[in-house]
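Take a look at the structure set out below.
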Amino acid sequence: MAFREVVGHRRLLTLLSRAIARQSLTPSLILSGPEGVGKRLTAVSIAQELNCLTMDDGRSTMDAAGACGTCTVCSRIARGTHPDVLTIEPGDTGSIKIEQVRAAIDRANYRPFEGRRRVTIIEEADALVSAAQNALLKTLEEPLPASVFVLVTSRPDTLLPTVRSRCAHLRFGRLQVAEVASVLEGSEGYSRTDALTAAAASDGSVRRALDLEADAFTEARSDAEGLLQSAGRDPRTRLDHAKDLLKGGGSAASEREHLGARLMAMTALVRDAGLLASGADARLLANLDRRQVVEPMARTLGVDRIGKIFAAITRAEDALERNVSPKVVADWLAVQL
Ligand SMILES: [Zn+2]
Numbered sequence: 014m015a016f017r018e019v020v021g022h023r024r025l026l027t028l029l030s031r032a033i034a035r036q037s038l039t040p041s042l043i044l045s046g047p048e049g050v051g052k053r054l055t056a057v058s059i060a061q062e063l064n065c066l067t068m069d070d071g072r073s074t075m076d077a078a079g080a081c082g083t084c085t086v087c088s089r090i091a092r093g094t095h096p097d098v099l100t101i102e103p104g105d106t107g108s109i110k111i112e113q114v115r116a117a118i119d120r121a122n123y124r125p126f127e128g129r130r131r132v133t134i135i136e137e138a139d140a141l142v143s144a145a146q147n148a149l150l151k152t153l154e155e156p157l158p159a160s161v162f163v164l165v166t167s168r169p170d171t172l173l174p175t176v177r178s179r180c181a182h183l184r185f186g187r188l189q190v191a192e193v194a195s196v197l198e199g200s201e202g203y204s205r206t207d208a209l210t211a212a213a214a215s216d217g218s219v220r221r222a223l224d225l226e227a228d229a230f231t232e233a234r235s236d237a238e239g240l241l242q243s244a245g246r247d248p249r250t251r252l253d254h255a256k257d258l259l260k261g262g263g264s265a266a267s268e269r270e271h272l273g274a275r276l277m278a279m280t281a282l283v284r285d286a287g288l289l290a291s292g293a294d295a296r297l298l299a300n301l302d303r304r305q306v307v308e309p310m311a312r313t314l315g316v317d318r319i320g321k322i323f324a325a326i327t328r329a330e331d332a333l334e335r336n337v338s339p340k341v342v343a344d345w346l347a348v349q350l
């Protein structure tokens, strides 16, 4: 997981890799930002960029810039088994105790065993008890030679001001939906459709997409199937199913997100039905596990109807994007079916 493998945050990563190449990296860093956007991966990548075997003092010895991510050093850092890279995190009590910090500082006092720079990563640094933060101050202010401290947190404001003022502070933003989807697809084995649906509800956080995924996706798809199966039936039945696409009682943003996930699930189901109706191999389906729903849809609707329904869903998605109220969008779509 070298820099170039971290998804998103190009500007921050460029700054970091330039600083490393110029050997001017600030030895005390805070990486802050929402949960699940790649802060911890970036911290691990910093350790790799500083120690990768293909890099000479942070300068790439090969054409490709940056750490390789695959040499024995990079792999051991990624696995957490490199002697010069230490990660500390909250224990069972949920806090990081002063003893953990003292032990890390003691270790950082020694020259690196085999790498160029020792890296201490403090995960969930907001869990540092005050005494532990105070114990860190001197180290952050007068860093030990060849030693780097990286504090990772989604709540930087809870760190002592004295800690914050001694560190360079890098703020991570949320990822774009496409970036979340590419992580889910690339590293988590999601299908493109599942990845996009989960990403739509992720609020720019891979962690959130992973947490939400199973239940949220299944629920969204089941609501989508309900409305699609009512296609061609009487208007009242269709409007009843349209109600299931709405959440009700949430914030405007969460209402849109809720309907957005259902429209996306409908798109995937209708696309699958279209594939089957035009004689494509069932192995191409995105919703392979829902053949019992997709096959009857393909048979009863036929290619032309499916094309029209697909276009209607696309228009509904556009309208939602343009801030038309979710209820209006869902009702309009039900009428089109
Ligand atoms: Zn390497």
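Going letter by letter, the sequence shown gives residues 14 to 350 in the numbering used here. For glycine and all other residues, C-beta sits at the position ideal for the given N, C-alpha and C.
Does at least one heavy atom of ligand 1 sit under 7 Å from the Cβ of L258?
-> no
Does at least one heavy atom of ligand 1 sit under 7 Å from the Cβ of V86?
-> yes
Under the criterion of a Cβ to heavy atom distance below 7 Å, does G82 qualify as lining ligand 1?
-> For ligand 1, at least one heavy atom lies less than 7 Å from the Cβ of G82.
Nearest candidate by alpha-carbon position, reference W345, set I319, E308, L276 and V306 = L276
Under a Cβ-count criterion, where at least 16 other Cβ atoms within 10 Å of its own Cβ denotes burial, should R189 be classed as buried or exposed?
-> Before going on, a small fix: residue 189 reads as Gln here, not Arg. Q189 is exposed by the Cβ-count criterion.
Just to confirm, are A325 and L289 a CB contact at a threshold of 8 Å?
-> No, Cβ-Cβ distance for A325 and L289 is not below 8 Å.
Looking only at DSSP bridge pairs, what is I43 linked to?
-> L164 and H182.
Check whether the Cβ atoms of I111 and P103 lie closer than 8 Å to each other.
-> In this structure, P103 does not lie closer than 8 Å to I111 by Cβ.
The segment 146-153 contacting the segment 26-37, beta-carbon criterion three pairs below 8 Å = no
Rounded separation between L341 and E268 - CA only | Checking the sequence, you will find Val at residue 341 rather than Leu. V341 and E268: Cα-Cα distance of roughly 12 Å.
When you compare only the Cα positions, how much space is there between S218 and L209?
-> 13 Å
Mind pulling the beta strand (DSSP E) runs of 3 or more residues that sit fully within the segment 186-238?
-> The qualifying runs do not exist here; there are none.
Nearest CA to the CA of E308: which residue from D317, R318, A295 and E136?
-> A295
Close-in-space but distant-in-sequence residues of the same chain around L157 (CB under 7 Å, 5 per side omitted) = Within the same chain, L157 has close Cβ partners A121 and N122.
L54: beta carbon under 7 Å from a heavy atom of ligand 1?
-> No, Cβ of L54 sits at least 7 Å from all heavy atoms of ligand 1.
Taking just the CA atoms, how far does L350 sit from D253?
-> 13 Å
Collapsed DSSP secondary structure at V50 in the structure displayed = coil
State the beta-bridge partners of R361 as determined by DSSP.
-> This structure cannot settle anything about residue 361, because the visible part of the chain is limited to 14 through 350.
Please name the residue, chosen from L282, L223, R303 and G128, that lies closest to G49 on a Cα-to-Cα basis.
-> L223
Rounded to a whole number of angstroms, what is the C-alpha to C-alpha distance between G107 and E330?
-> Rounded to whole angstroms, the gap between the alpha carbons of G107 and E330 is 42 Å.
heavy atom of ligand 1 below 7 Å from T67 C-beta = yes
Flag Q242 as yes when its Cβ comes closer than 7 Å to any non-hydrogen atom of ligand 1, and as no otherwise.
-> no
Between L259 and A343, is the Cβ-Cβ spacing less than 8 Å?
-> yes
Where the alpha helix (DSSP H) containing T94 begins and where it ends | No alpha helix (DSSP H) holds T94; DSSP gives it neither H nor E.
For I109, which beta-bridge partners are listed by DSSP?
-> L141
Out of T313, A244, E192 and A80, state which residue places its alpha-carbon closest to the alpha-carbon of G21.
-> E192
Close beta carbons around V176, own chain, < 6 Å, minus the five adjacent residues each side | Q146
Check each candidate in V161, L197, A347 and E198 and name the one with the smallest Cα separation from A181.
-> Selection V161, L197, A347 and E198 evaluated against A181 yields V161 as nearest (Cα-Cα).
Can you round the beta-carbon distance between V142 and I90 to whole angstroms, since I take them to be within the 8 Å contact cut?
-> Going by Cβ atoms, the distance from V142 to I90 rounds to 27 Å, so no, they are not a contact pair.
Would you identify the three-state DSSP class for T100, choosing helix, strand or coil?
-> Assigned with DSSP and collapsed to three states, T100 falls in strand.
For the segment 79-86 against the segment 193-205, are there 3 or more C-beta pairs whose distance is under 8 Å?
-> no
Using the beta-carbon count (16 or more within 10 Å), is D216 buried or exposed?
-> buried
Helix, strand or coil: which one does DSSP assign to D76?
-> A caution first: D76 carries a pLDDT of 43, below 50, which makes its placement in the model unreliable, though a value can still be read off. DSSP places D76 in coil when its eight states are reduced to three.
Residue closest to A159, alpha-carbon to alpha-carbon, out of M68, R184, T94 and L38 | L38
Where do the ends of the alpha helix (DSSP H) carrying Q36 lie?
-> Where Q36 is concerned, there is no enclosing alpha helix (DSSP H), given that its DSSP letter is neither H nor E.
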